[in-house]
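Reviewing the structure listed below.
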Amino acid sequence: MSAPQQNRDAGKDALRRGAALDVGHMPTFAFGTRSPMWWGTMGLVAIESTVFALTVMTYFYLRSHASVWPMSRFPPDLLWGTANTAILLASMWPNQMAKKAAERLDLAGVRLWMVVCMLFSLAFLAVRAFEFGALNTRWDSDAYGSVVWMLLGLHTTHLVTDAWDSLVLTVLMFTGPLEGKRYVDVSENAGYWYFVVLSWLPIYAVIYWGARF
Amino acid sequence: MTVSDPRHAQYADPADSAGAAALERTWRDPPGIVGWFSAINHKTISKRFMVTTMVFFLLGGVLALLIRLQLAQPNADIIGPDMYNQVFTMHGSTMMFLFAVPVMQAVATYLVPLMIGARSLAFPRLNAYAYWIFTMGGIMLYAAFLLNAGPDAGWFAYVPLSGPQYSPGKRVDFWAQMITFTELSGLMEAIVLITTILKLRAPGMSLNRMPLYVWAMLVTSFMVLFAMPAVMLASTALITDRLVGTHFYNPAEGGDALLWQHLFWFFGHPEVYLIFIPPLGFISAIVATFARRPVVGYPAMILALVTTAFLAFGLWVHHMFATNLPELGKTFFTAASLVIAVPSAVQIFCWIATLGSGRINFKTPLLFVLAFFFILVMGGLTGLMLASVSLDTQLHDSFFVVAHLHYVLLGGAVFPLFGAFYYWFPKFTGRLLDERLGRWNFWLFFIGFNVAFFPMHVLGLWGMPRRVYTYPAEMGWGDLNLVASLGAATIAVSVLLFLFNVARTLRHGAMAGPDPWGAGTLEWSVASPPPAGNFEVIPVVHGRYPLWQPQAEPTHVTGMSNEWREVLVTTVADAEPDHRMWLPMPSIWPFLSALATTVLFVGSIFTPWAIVWGSVPVGIAATWWFWPKRSVVQERVRTEVPP
Amino acid sequence: MTDPASNMQDALRAAGAQAAHIGDLWNGTLALCTFVFVAIVVATIVAVWCAPRADAATRPDTSSLSGPEHRIWRRIGWATAAAIAGLLVLLAGDVFTSRALARLPLRDAVDIELVGHQWWWEARYRDADVSREFTTANELTIPVGRPVIVTLRASDVIHSLWVPSLSGKKDLIPGRTATLRLRADRAGTYRGQCAEFCGLEHALMALLVHAVPPADFEAWAANQRQPAREPVDAAARRGREVFLATSCTMCHTITGTTAQARLGPDLTHLASRQTIAAGMFPNNRGHLAGWIGDPQALKPGVNMPANTLPPDDLQALLAYLETLR
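Protein chains in written order, with this note's numbering: chain A, 2 to 214; chain B, 33 to 675; chain C, 446 to 770.
In structure tokens, the structure reads:
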């Protein structure tokens with residue numbers, strides 16, 4: 002008798018004796034750390050946090066070699082950057098509402114709060130455009146200008162991609178097709194949104210205040 | 033317990049042949065040309081990935097032969113300086129970015145699901161995308177090289193040489209963008225592997241029952257997350273310096289040449305461990321099987337892997353000992369570079385103890401692994417020499433370093449990799465590579481390697497710097513260079529022999545069966561090659577070497593669908609069943625997204641605006657990739673169970 | 446009196462204090478590492494040799510899964526302790542050597558500023574009295590037994606000064622200033638090479654260091670301080686006119702003439718050097734003629750353009766250059 006045949010017979014035997022682990026009743030989606038999507042999102046967060054951290058370190062490294070900082074002598078204007086920080090922080094509230102609604106499987110709630118989030122993203126993207134102009138330096142003036150533009154540019158890339166994938170998800174929540182998994186996506190998207198906002202805080206401090214001390 | 037022991041869990045449901053057939057239909061690749069580009073089965077992608085990385089290995093090897101041809105004699109003019117500088121840059125870049133790291137991820141994406149009792153990787157479409165983006169990046173680099181626009185500033189491209197002023201044209205830009213491609217691929221693969229390993233293990237495979245190879249890949253993948261961003265940032269800053277006039281590395285405007293070195297080596301040192309740690313996993317797997325016993329000291333082995341990973345991030349300045357950094361700081365890195373030898377030493381002692389207390393089945397995979405104990409150990413010891421700042425000031429940037437790096441990379445990674453190929457080839461293809469050819473392959477490689485690289489230690493001590501396209505006859509370096517070149521030719525012959533062995537075996541090799549080596553881990557419990565869904569029934573695991581240990585109950589999982597790509601998600605530490613998940617179906621969108629990304633990346637070599645207009649197709653492709661299909665969703669909703 | 450070239454660039458033949466200290470560390474480290482290597486290889490061979498043979502069907506021994514293997518773990522523990530001890534010895538050796546290198550006495554040092562260019566070395570001998578400073582290129586002369594402080598700068602890309610017989614290497618990094626301290630303890634000529642890949646002709650960027658008795662050094666330096674000799678014979682005078690009339694003056698300095706450009710090596714005392722093109726070719730008429738006529742043929746990519754001169758002018762120029770001792 003061949004090995005595979007022996008195996009099959011043993012398997013049937015085990016099944017007859019009930020020596021199998023039946024998972025047929027188990028959920029087909031789950032939230033938080035139970036979800037592989039959470040781990041994937043955290044992986045992205047780890048990567049991007051590292052990029053931000055290294056860019057911040059680059060800022061201070063270049064500063065330690067400079068006799069004058071900023072080299073152009075003009076630190077960024079505070080208005081737009083601080084305003085955007087407020088908008089971003091405020092956006093955490095509809096974000097949290099969307100997350101909670103998703104975890105309750107509340108479709109109407111998810112739709113409402115995701116739309117509110119999108120309005121916030123319109124606002125912070127618009128203000129971000131003004132921030133670049135208020136940096137008072139160009140990316141090609143000197144190393145200070147380069148690193149400040151890099152910091153703001155990297156974070157902006159995250160704002161743009163986060164806005165886009167939130168938009169896609171929002172539209173999907175209206176058009177369907179919908180299933181339980183989508184609520185997990187909304188929850189994870191909210192987690193990523195938190196990262197984009199919270200990672201802004203040290204970057205804001207470095208860009209806007211790093212040149213003032 | 034023998035090979036044909038029924039505890040090799042190929043249990044089937046009572047509706048067994050119908051179930052197996054349904055499973056095969058569900059998990060196999062779609063047919064046709066569009067199907068070929070849409071395939072996302074992890075084994076399919078992995079085989080393509082392994083073949084692609086081995087193609088790059090061969091290309092890199094040909095470049096090495098060109099180098100050795102030119103250096104075989106003093107004042108040779110087989111290749112002029114411009115071509116030579118491109119050749120050695122392409123050789124290093126190919127081997128480091130297009131072969132050594134990706135091949136380890138490629139092999140892992142095949143083996144990990146099988147070793148942990150899963151039907152698939154997590155995020156199979158992302159895995160496919162990672163493969164495509166890697167391949168396209170490699171093709172871009174070689175296209176540039178063939179158009180005489182190959183990078184020529186060395187595989188680590190120090191500024192200001194690689195900056196806009198001293199490397200005009202697009203050569204270095206192609207190199208820098210190749211980095212973006214390959215690191216994006218590597219980062220995505222790391223996310224896939226971490227999530228797979230932590231969430232998709234078969235029930236009962238708690239973390240302390242996970243094979244050491246899977247631990248190695250988990251540790252490596254975490255390292256990737258923190259190491260690769262450094263080189264992506266560095267190369268992005270280099271591209272902006274070259275393309276739009278930023279001044280990160282321009283000392284005249286406040287930039288710093290050493291900023292590049294810090295950022296690059298902060299990645300670069302962990303990178304060699306990304307190359308070294310997966311083979312440590314290969315060795316544990318092979319030693320256990322061919323010594324007929326579990327590896328000694330499982331907890332110590334894991335601790336060694338984790339310690340090595342952490343320490344690897346604290347060594348990078350040892351690549352910068354010849355710069356004007358403060359001496360006291362350098363001494364810290366000497367100490368760290370010495371300390372990292374300790375966990376590796378522990379692993380080596382554990383393996384020797386395993387071999388010594390086991391019973392040896394002397395087959396080709398073990399031969400290649402034994403080479404590690406000679407070659408890597410020598411490389412590691414020359415590494416300790418280089419760790420001393422004082423010694424390094426003589427040895428740095430000489431052929432001594434060339435010898436060292438090849439001893440650790442080939443001894444630590446390539447030889448174990450060949451061992452892994454001989455070991456797992458029967459699982460991938462169903463056929464056993466020929467033993468006799470394997471031994472010839474091994475001995476030619478081993479002897480050729482030592483003949484090629486040992487003399488380089490001496491050449492370095494005799495004052496020969498690296499990256500020189502020629503040298504004067506009166507320096508007396510000619511004889512040893514000729515010997516080294518002969519050794520390189522021998523390596524080439526051994527690699528040809530390997531290819532011949534593979535080709536011949538694929539045609540008429542001996543059939544392997546599920547478990548030709550009598551091994552203990554789960555991948556050997558399924559057919560060779562495995563069915564499309566890996567396991568006809570998901571096993572329940574009760575020990576570290578499930579095929580060697582008595583089976584306990586429950587033996588396997590029921591209640592999973594054979595009609596849809598359903599996997600079982602378990603808890604992180606103890607692998608208790610948590611929920612079921614449907615993985616996505618094959619799709620052309622990963623491939624198309626990779627194409628769109630390629631257009632964006634290649635375009636941005638020429639103009640920064642490519643980032644803007646290039647994002648549009650990428651955004652569209654990514655959205656289509658994600659957008660669910662109504663028919664599939666309706667079916668899922670029908671059988672949905674909320675948490 | 447010079448060693449054969451194969452001995453001039455040899456880290457194992459230390460001719461100076463720094464290289465000697467490193468050489469001692471090398472010997473000790475080599476001994477220890479060889480011992481460890483042999484021990485591990487022998488242990489591996491013995492383990493594999495002495496263990497009984499098996500095949501795929503041999504029952505695996507899973508007893509280690511049910512209980513700890515104390516005896517084996519103890520042995521591994523001792524081996525690890527030995528490894529740590531060995532590493533501490535290496536660390537100690539490194540620390541002591543670093544200290545010795547840092548303690549090179551610097552009294553009465555010769556002060557040289559070296560600037561790295563693609564693909565040649567500019568050397569300015571400094572002095573407290575600025576009028577005693579002078580510039581040369583590609584070949585240094587230093588006194589035996591006196592320390593030399595070399596200040597390292599780079600004008601374009603990263604280079605690295607490496608004269609293995611005398612000292613370890615140090616990088617020349619644009620935007621930064623580094624220092625290398627060395628001392629020759631034996632007379633002779635020592636060869637160095639740029640050791641950081643610096644572009645097309647990195648392979649052909651050598652440097653010669655002539656270590657001579659202190660009195661000879663003073664004589665040499667005094668000569669170097671002089672402006673260029675006045676040419677005596679007609680051919681040489683004509684040669685100077687040729688030099689000053691051609692594009693040579695766009696890059697080269699000859700002190701005492703109107704040629705004061707600093708883009709290429711200082712030629713004031715060209716004839717006092719043994720080699721040209723950064724230590725690559727002998728400094729004789731034939732090579733000099735070839736170099737002036739078409740430097741790209743000898744060192745492709747070098748920044749010096751070709752100079753097609755009528756043969757008479759070339760010969761006169763060569764005659765002039767030969768007088769620049």
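Think of the CB as a built atom: it goes at the ideal place given N, C-alpha and C, for glycine as much as any other residue.
In terms of DSSP beta bridges, what is residue i paired with?
{"i": "A653 (chain B)", "result": "According to DSSP, A653 (chain B) bridges with nothing at all."}
{"i": "L22 (chain A)", "result": "B:V589"}
{"i": "P497 (chain B)", "result": "B:S430"}
{"i": "T580 (chain C)", "result": "C:R569"}
{"i": "D288 (chain B)", "result": "Paired residues: none, contrary to the question."}
{"i": "R139 (chain A)", "result": "Paired residues: none, contrary to the question."}
{"i": "L600 (chain B)", "result": "B:R612"}
Run down chain A in chain order and give the residues with a C-beta less than 9 Å from the C-beta of residue i.
{"i": "I309 (chain B)", "result": "Here the premise fails: no neighbours, minimum Cβ distance about 18 Å."}
Return the first residue and the last residue of the beta strand (DSSP E) that residue i is part of.
{"i": "M613 (chain B)", "result": "609–614"}
{"i": "S217 (chain B)", "result": "Where S217 (chain B) is concerned, there is no enclosing beta strand (DSSP E), although the alpha helix (DSSP H) it sits in stretches over 203–231."}
{"i": "A656 (chain C)", "result": "651–657"}
{"i": "A623 (chain C)", "result": "623–628"}
How many whole angstroms separate the CB atoms of residue i and residue j, which I take to be in contact at a CB cut-off of 8 Å?
{"i": "T768 (chain C)", "j": "A716 (chain C)", "result": "7 Å"}
{"i": "R677 (chain C)", "j": "C643 (chain C)", "result": "Checking the sequence, you will find Val at residue 677 (chain C) rather than Arg. With a Cβ gap of about 40 Å, V677 (chain C) and C643 (chain C) do not count as contacting."}
{"i": "G411 (chain B)", "j": "G444 (chain B)", "result": "7 Å"}
{"i": "S267 (chain B)", "j": "A208 (chain B)", "result": "4 Å"}
{"i": "R770 (chain C)", "j": "R636 (chain C)", "result": "Contact flag wrong, Cβ pair sits at about 22 Å."}
{"i": "A234 (chain B)", "j": "V604 (chain B)", "result": "Not really, about 14 Å apart at Cβ, beyond 8 Å."}
{"i": "A464 (chain C)", "j": "P609 (chain C)", "result": "7 Å"}
{"i": "Y60 (chain A)", "j": "V207 (chain A)", "result": "6 Å"}
{"i": "V500 (chain B)", "j": "A648 (chain C)", "result": "4 Å"}
{"i": "V601 (chain B)", "j": "P37 (chain A)", "result": "6 Å"}
{"i": "R596 (chain C)", "j": "E641 (chain C)", "result": "The sequence as given places Thr at residue 596 (chain C); Arg does not occur at that position. With 8 Å as the limit, T596 (chain C) and E641 (chain C) do not qualify as a contact, their Cβ atoms being about 17 Å apart."}
{"i": "L232 (chain B)", "j": "A150 (chain B)", "result": "4 Å"}
{"i": "E303 (chain B)", "j": "V133 (chain B)", "result": "7 Å"}
{"i": "T703 (chain C)", "j": "L712 (chain C)", "result": "Actually they do not touch by this definition, with Cβ atoms about 13 Å apart."}
{"i": "V433 (chain B)", "j": "G492 (chain B)", "result": "7 Å"}
{"i": "L733 (chain C)", "j": "L766 (chain C)", "result": "7 Å"}
{"i": "S70 (chain B)", "j": "S619 (chain B)", "result": "6 Å"}
{"i": "A355 (chain B)", "j": "D141 (chain A)", "result": "Note that residue 355 (chain B) is Thr in the sequence shown here, rather than Ala. Between D141 (chain A) and T355 (chain B) the Cβ distance is about 27 Å, and since that is not below 8 Å, they are no contact."}
Which chain C residues sit within Cβ distance under 8 Å of residue i?
{"i": "W348 (chain B)", "result": "None at all; the shortest Cβ gap to chain C is about 16 Å."}
{"i": "G112 (chain B)", "result": "P745"}
{"i": "E13 (chain B)", "result": "In this structure chain B extends from 33 to 675, so residue 13 (chain B) is not present and cannot be described."}
{"i": "Y455 (chain B)", "result": "Going along chain C, no residue has its Cβ under 8 Å from Y455 (chain B), so there is no contact; the nearest lies around 12 Å."}
Given that residue i touches chain C, what residues does it touch there, using C-beta distances under 9 Å?
{"i": "D511 (chain B)", "result": "Simply none; closest approach about 10 Å."}
{"i": "Q426 (chain B)", "result": "A456, A464, I467, G468, W471, W607, P609, S612, G613, K614"}
Please list the terminal residues of the continuous alpha helix (DSSP H) segment that includes residue i.
{"i": "P375 (chain B)", "result": "373–388"}
{"i": "E667 (chain B)", "result": "662–670"}
{"i": "Y635 (chain C)", "result": "Y635 (chain C) -> not in any alpha helix (DSSP H); beta strand (DSSP E) instead, spanning 633–639."}
{"i": "K459 (chain B)", "result": "447–461"}
Give a single yes or no on whether residue i has its beta carbon closer than 6 Å to a heavy atom of the ligand COA.
{"i": "A102 (chain A)", "result": "Among the components of this structure there are no ligands whatsoever, and the ligand COA is therefore not found."}
Under 8 Å Cβ-Cβ, which residues of chain A neighbour residue i?
{"i": "L230 (chain B)", "result": "W40"}
Mind pulling the chain B residues with CB within less than 9 Å of residue i?
{"i": "P28 (chain A)", "result": "D610, H611, R612, E672, V673, P674, P675"}
{"i": "V187 (chain A)", "result": "Those within 9 Å of V187 (chain A) in chain B number zero; the least Cβ separation is about 13 Å."}
Whose Cβ in chain B lies nearer than 8 Å to the Cβ of residue i?
{"i": "E641 (chain C)", "result": "Y190, A354, D429"}
At 7 Å on the CB atoms, spell out the chain B contacts of residue i, in chain order.
{"i": "I204 (chain A)", "result": "Within chain B, no residue comes near I204 (chain A); the closest Cβ sits about 14 Å away, beyond 7 Å."}
{"i": "W518 (chain C)", "result": "G329"}
**Inside the segment 68–120 of chain B only - beta strand (DSSP E) runs reaching at least 3 residues** = none
**Message:** Restricting to runs no shorter than 3 residues, where is the beta strand (DSSP E) found entirely within the segment 688–721 of chain C?
**Reply:** none
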